[in-house]
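Beneath this line is the structure, given in structure tokens, with notes to follow.
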Amino acid sequence: MNRNRITIADVAAAAGVSLMTVSRAMNDREGIHPETRERILKIAEKLGYHPSQIARGLVTHQTATLGLVMPDVANPFFAQIARGAEEIASQNGYNLFLINTAEDLDREKKALNSLLEKEIDGAVLCSSRLSQIEMLPYLEALPATVLVNRTLDAPCPRVVTLNVNDCQGTQQAVDYLIAQGRQHIALITGPENSISSQRRLNGYLRGLHAQRLPAREELVLHCSPTTSGGEEAALHLFGQQPEIDGVIAFNDLVAVGVLRACLQTQRSIPAQVAVIGADDIPLAGLTNPSLTTLHVDQTALGEQAMTALLHLVCGEETPKRIVVEPKLVQRQSA
């Protein structure tokens, strides 16, 4: 066999194990039985898979290639993160594999397996929809990882978390609307398996509690994090709860959908319904009315994520937990 064509997938198939198990064996990591490790190494050597690495004691080699996994590259929020991440990677001589999972769990798993097969030096995972139990094996197998908009119950070696403080931002939005006299505030948040959705819900509930307003389950609705998802959710809420006078949206795309729903139902903005988005994508300043929103510099977020990843890849010290604070930007919608 031509050893240049041998991949980690070939070794995994020959050994009857997963890509992650082969990666653990090749990189001498925990989570694999010694006998299994030895068997995989013998198979790898027999197939001619990177014999030079085996001869040198399996020291991890670098490919100058990194991964960037995103749930929706069409969303301007993630597009701007990608822009910032790619710029930093390029400046430091790294190639970047960008993979869009389209909010699909199976596609996300396939993407991570593909990156392991390519033996990348590290990856940035944005808003992963995997559960922590599903994610941990990948974090153990990858050489270095930055999680954007995800947290872990306990610190994990070679992993940095980078999060927007969605909880505090949403509470800030609640405070702002209540200060305007709004009493019936709805939350249209994102997918139920989104950590950001959970944080926004927590911030919403905290804000209502702090202002001594009742939390009404019927005023909270999950939706697809898109314009159509926001429009559909808002129409449903307006039909069921016509007294709503304020809406906090999961992101600016959802907020644009809320604006459309207000137009369809002849609700004046902000006189009858105030609307607040999140992220402050370029579109937020172009809508009519323009969106009041929670600003986050998405390009800078991508730059921070990639910088942290490169620190991990190079074995340099870097904070394991980074939190970015959003800022309320007042425009016409609230």
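Numbering (this note's numbering), first residue to last: 3 to 336. Think of the CB as a built atom: it goes at the ideal place given N, C-alpha and C, for glycine as much as any other residue. Since we're looking at a predicted model, the values are computed, not measured.
Hey, quick one: how far does the beta strand (DSSP E) through T153 stretch, first residue to last?
-> First-last for T153: undefined, no H or E at that position.
Go ahead and pull the three-state DSSP assignment for L223.
-> The answer is strand: DSSP assigns L223 an E or B state.
If we count the other Cβ atoms within 10 Å of its Cβ and call it buried at 16 or more, is D30 buried or exposed?
-> Result: exposed.
Check R333 in the structure and name its three-state DSSP category.
-> DSSP, reduced to helix, strand and coil, places R333 outside both helices and strands of the structure shown, so it counts as coil.
Would you check if the stretch 181–198 and the stretch 219–232 touch, i.e. whether three or more CB-CB distances between them fall below 8 Å?
-> Touching, yes.
Alpha carbon to alpha carbon, how far is I278 from S335? Give it in angstroms, no decimals.
-> For the pair S335 and I278, the Cα-to-Cα distance works out to about 7 Å.
By Cβ distance, which residues of its chain are closer than 7 Å to V148, with the 5 residues on each side in sequence left out?
-> Beyond the five residues adjoining it in sequence on each side, V148 comes within less than 7 Å, by CB distance, of V126, V162, L164, A307, A310 and L311 in the same chain, given in chain order.
H35 - DSSP class collapsed to helix/strand/coil = Correct three-state label for H35: coil.
Which ranges would you report for the alpha helix (DSSP H) in the stretch 98–164 if only whole runs of at least 4 residues count?
-> Runs found: 107–119 and 134–143.
Where does C316 land, buried or exposed, given buried means 16+ other C-beta within 10 angstroms?
-> Residue environment analysis places C316 among the exposed positions, since fewer than 16 neighbouring C-beta atoms fall within 10 angstroms of its C-beta.
Taking all protein chains shown into account, decide if R85 is buried (16 or more other Cβ within 10 angstroms of its Cβ) or exposed.
-> The C-beta of R85 has fewer than 16 other C-beta atoms within 10 Å across all chains shown, which makes the residue exposed.
Under the assumption that L49 contacts A16 (Cβ atoms under 8 Å), give the Cβ distance between them as a whole number of angstroms.
-> So it is a contact: roughly 6 Å between Cβ atoms.
Tell me where the beta strand (DSSP E) around V258 begins and ends.
-> For V258, there is no enclosing beta strand (DSSP E); the residue is found in the alpha helix (DSSP H) stretching over D254 to Q266.
Proximity winner among G241, S230, T229 and R214, relative to L221 (alpha-carbon distances) = Of the candidates G241, S230, T229 and R214, the one whose C-alpha sits nearest the C-alpha of L221 is G241.
Distance between I101 and A286 (C-alpha atoms, nearest Å) | Taking the straight line joining both Cα atoms gives about 26 Å.
So, using beta-carbon positions, are I122 and E305 closer together than 7 Å?
-> Contact flag unset, no.
Pull up the DSSP beta-bridge partners for D281, would you.
-> H297, per the DSSP bridge assignment.
For T65, name the three-state secondary structure that DSSP assigns.
-> Shown here, T65 sits in coil according to DSSP, grouped into three states, outside any helix or strand.
Based on Cα-Cα distance, which residue from Q200, Q268, F80 and V176 lies nearest to L330?
-> Nearest to L330 by C-alpha distance, out of Q200, Q268, F80 and V176, is V176.
Measure the Cβ-Cβ separation of I283 and P78 and say whether it is below 7 Å.
-> Against a cut-off of 7 Å, the Cβ pair of P78 and I283 comes out as a contact.
Could you tell me whether the Cβ of K112 comes closer than 7 Å to any Cβ of chain B?
-> Of the protein chains in the structure, only one exists, and it is not chain B.
Using alpha carbons as the reference points, say which of K111, H297 and A146 lies closest to C158.
-> By alpha-carbon distance to C158, the top candidate from K111, H297 and A146 is A146.
Cβ-Cβ distance between D247 and R184 below 7 Å | Going by C-beta atoms, D247 is nearer than 7 Å to R184.
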